[in-house]
Amino acid sequence: MGDPVTLTPAAAGLIRSLRAAHGPIMFHQSGGCCDGSAPMCYPAGEFRTGGSDVLLASLEVDGVPEPVEFWMSTAQWELWKHTRLTVDVVPGRGSGFSLEAPEGVRFLIRSHLAP
């Protein structure tokens with residue numbers, strides 16, 4: 001079984017840029033409304049995680065000194081645990097709460113069934 005979360009080169013590049021501007025960062029994906037299918041990027045520790053969340057990955061990104069944690073709500077992971085997730089970047093404006101919002105791009109999850 002491979003890593004549950006991977007990054008495209010475009011996502012890794014945006015992470016490097018956001019890290020340079022904001023310091024250490026993290027991702028959280030919930031099953032909520034609106035941008036619920038988009039991972040939200042926050043300064044590390046700004047989004048409080050707890051017993052209703054699961055740490056899926058500590059992503060190693062070239063040029064970023066610390067791992068980038070990727071969290072998901074436990075309820076959503078129960079539905080998605082048979083998939084592998086790829087964090088990508090597409091043009092467009094996502095949620096105003098995610099760090100990439102002012103950049104004119106947004107993070108997006110691409111999923112496929114795990115082998």
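First residue of the sequence shown? That's 1 in the UniProt record's numbering, and the numbers climb one at a time after it.
Beta carbons are placed, not taken as given, at the ideal position from N, Cα and C, and that holds for glycine.
These numbers come from a predicted model, not from an experiment.
{"Check": "Are there 16 or more other CB atoms within 10 angstroms of the CB of A21, so buried, or fewer, so exposed?", "Outcome": "exposed"}
{"Check": "Does DSSP put R17 in a helix, in a strand, or in coil?", "Outcome": "Reading the sequence as shown, one finds Ser at residue 17 and not Arg. Correct three-state label for S17: helix."}
{"Check": "Helix, strand or coil: how does DSSP classify P91 here?", "Outcome": "strand"}
{"Check": "When we look at the beta-carbon of H28 and count the other beta-carbons within 10 Å, is it buried (16 or more) or exposed?", "Outcome": "buried"}
{"Check": "With burial defined as no fewer than 16 other Cβ atoms inside 10 Å of the residue's Cβ, what is the status of P65: buried or exposed?", "Outcome": "exposed"}
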